[in-house]
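Participant:
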């Protein structure tokens, strides 16, 4: 008896509304490519990405993220981190790059992002030149991606092995190989390996050395420069067009910059290089090198600071450093306490992270011998009072306020836990659970059936129960049905998980908060797990943002609904 085709008529799909993806365009220029004119320039990459986005109605550009002069062998890059932050906040759900090598040359880490991190976060990924779009199943050839990433990784290591000896040879000959000349100098337009004096900024360098010799502290020097509105090195490079990243448009003078300049022998006319070292081909990441191993070549360019002035400043620095450490030895018996809120507190005026500062006062003829207290200060205010008005806040006040907020949340959580336990078996809740469970089982059955039918098409075609045209049509339609059913199954599973999290004690907010119900004081573990950010506007005005606020609101709304249902029943 002749076998009948299992192919059935499949009705036409209803029109599906096009999803618009909030797209982050990522461009990167490596250190090695930084001075080459090529199709990989920042401008060319950005133009290509903008053109692609403009021609794709499903893409809407949110922001362009640029890492200029950054390595591709790891993902510790400023703008890549900013891109990840925007993804976490829901501002970006699609990432587009020119090709995979611009994304990264380390195939293990790149593969982690493409196959685990981005899919988990629901992020679409497009690599134009590689013809890859994670939304298109036909491009999901992970083997090809791995091979390309492996080639990029091998290429990066090969280039590293070849170029490291070349660069070191240039350093030993006194040729400048850095991206930016030290403040006070420029790279010679005729020879980029030679430094020339920048007549605009060199006088400022001399002023900094003179001020230091007169007894001014690093902090007061930075304050004076900021008071005069003299552009910091980063801001100067931005204003002169050397860098285009707008993040540097308003950077100010900082203590660390002043301190580094005042000990830099480049101002004596000596080329100082090799302070950091990396050898990718050996698997050696970038590390700081001891001063005695730096590569110093004397008299390679014109000096800005006289030997006598430079030497006097070094002597003064050593004296002040010795005096500081001598003073510190008096406090050796003072025990440091844990920085519970490290990295969580920011300034409400300028947005900078506050730093913890230890204050010590000697109690003469008293026990304990020293009085120790901590406060949080804004580093921007320390060097630029015009830019930030915030001064400080005692740590005790911060800890007390934050713990009070968490205690209030704990009381709410305990009440919600009781309410969940009392309403968990309501008929409405049980009915919803059962309905979702049944729909999931039905959808899985439909998905299995469609998959089997699609697999059987090949036999039907070989048995000549359908022609090639019908075979291809049916194959495509079954694929479409599978995609629809898979999407529906995902949506139903999400609904089931939502019921579990909002109708049971499995809610992430409850699960994270309740283990701390017995704690009598704020701990580092509690702060890290529960606090998202603390914004200090003044000593009496704080904003404490807790984690899992969305989960808390969903649970609150769900419980209010359940109380109403219970009353009606």
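Numbering (this note's numbering), first residue to last: 85 to 653.
Cβ atoms here follow ideal geometry from the backbone N, Cα and C, with glycine treated the same way.
#1: Assuming residue 137 and residue 180 form a contact by the criterion Cβ under 8 Å, report the distance between their Cβ atoms to the nearest whole angstrom.
#2: Is the separation between the beta-carbon of residue 147 and that of residue 175 shorter than 9 Å?
#3: Compare the C-alpha of residue 346 against each of 303, 313, 335, 401 and name the closest.
#4: Would residue 436 and residue 462 qualify as a contact pair, given that the criterion is a beta-carbon distance under 9 Å?
#5: Considering only the alpha carbon of each residue, which of 212, 500, 149, 632 lies closest to residue 135?
#6: If you reduce the DSSP assignment to three classes, tell me which class residue 285 lands in.
#7: Helix, strand or coil for residue 621, going by three-state DSSP, please let me know.
#8: Report the CB separation of residue 258 from residue 381 in whole angstroms; it is logged as a contact under 8 Å.
#9: Do residue 310 and residue 499 count as a contact pair if the criterion is CB distance below 9 Å?
#10: What are the start and end residues of the beta strand (DSSP E) that includes residue 271?
#11: Once DSSP output is grouped into helix, strand and coil, what is the label at residue 597?
#12: Let's see if you can read the secondary structure: which residues bound the beta strand (DSSP E) around residue 144?
#13: Could you have a look at residue 211 and say whether DSSP puts it in helix, strand or coil?
#14: What separation, rounded to the nearest whole angstrom, lies between the Cα atoms of residue 183 and residue 277?
#15: Starting from residue 343 and walking both ways along the alpha helix (DSSP H), at which residues does that stretch end?
#16: Going straight from the alpha carbon of residue 358 to that of residue 268, what length do you get?
#17: For residue 437, which of helix, strand or coil comes out of DSSP?
#18: Buried or exposed for residue 492, please, with buried defined as at least 16 other CB atoms from any protein chain shown within 10 angstroms of its CB.
#19: State the start and end residues of the unbroken beta strand (DSSP E) segment that holds residue 350.
#20: What does the alpha-carbon distance come out to for the pair residue 308 and residue 324?
#21: If we ignore side chains and look at the alpha-carbon of each, how far apart do residue 227 and residue 406 end up?
#22: So what does DSSP say about residue 664, is it helix, strand or coil?
#23: Verify the CB distance criterion: does residue 407 have a CB-CB separation below 9 Å to chain B?
#24: Who are the Cβ neighbours of residue 524 in its own chain at under 8 Å, not counting the five residues just before and after it?
#25: Under the assumption that residue 429 contacts residue 460 (Cβ atoms under 8 Å), give the Cβ distance between them as a whole number of angstroms.
#26: Of all the alpha helix (DSSP H) runs that stay within the bounds of the stretch 276-331, which reach a length of 4 or more residues?
#27: Beta-carbon within less than 7 Å of residue 92's beta-carbon, same chain only, minus the 5 sequence neighbours each way: which residues are those?
#28: Roughly how many whole angstroms lie between the Cα atoms of residue 544 and residue 536?
#29: Alpha carbon to alpha carbon, how far is residue 144 from residue 339?
#30: I need the straight-line Cα distance from residue 384 to residue 205, nearest angstrom please.
#31: Kindly indicate the opening and closing residues of the beta strand (DSSP E) around residue 463.
#32: Please confirm whether residue 337 and residue 314 have their CB atoms less than 9 Å apart.
#33: In this structure, how does DSSP classify residue 478 when only helix, strand and coil are distinguished?
#34: Could you spell out where the alpha helix (DSSP H) holding residue 257 opens and where it closes?
#35: Would you report the Cα separation of residue 343 and residue 302, rounded to the nearest angstrom?
Facilitator: From the atom records:
#1: 7 Å
#2: yes
#3: 401
#4: yes
#5: 212
#6: coil
#7: strand
#8: 3 Å
#9: no
#10: 269-272
#11: helix
#12: 143-152
#13: strand
#14: 31 Å
#15: 339-345
#16: 20 Å
#17: strand
#18: exposed
#19: Unbroken run through residue 350: none, as it is neither H nor E.
#20: 22 Å
#21: Residue placement at residue 227 cannot be trusted, given a pLDDT of 39 that sits under 50; what the coordinates show is reported in the next sentence. Going from the Cα of residue 227 to the Cα of residue 406 covers about 60 Å.
#22: Nothing about residue 664 can be read from this structure; the chain reaches only from 85 to 653.
#23: The question asks about chain B, but that chain is absent: this structure has only one protein chain.
#24: 573, 576, 577, 580
#25: 6 Å
#26: 286-297, 302-311, 317-323
#27: Note that residue 92 scores 41 on pLDDT, short of 50, meaning its location in the model is unreliable; the coordinates nonetheless yield the value given after this. Here the set comprises nothing.
#28: 12 Å
#29: 41 Å
#30: 52 Å
#31: Premise fails: residue 463 lies in the alpha helix (DSSP H), 463-467, not in any beta strand (DSSP E).
#32: yes
#33: strand
#34: No alpha helix (DSSP H) holds residue 257; DSSP gives it neither H nor E.
#35: 6 Å
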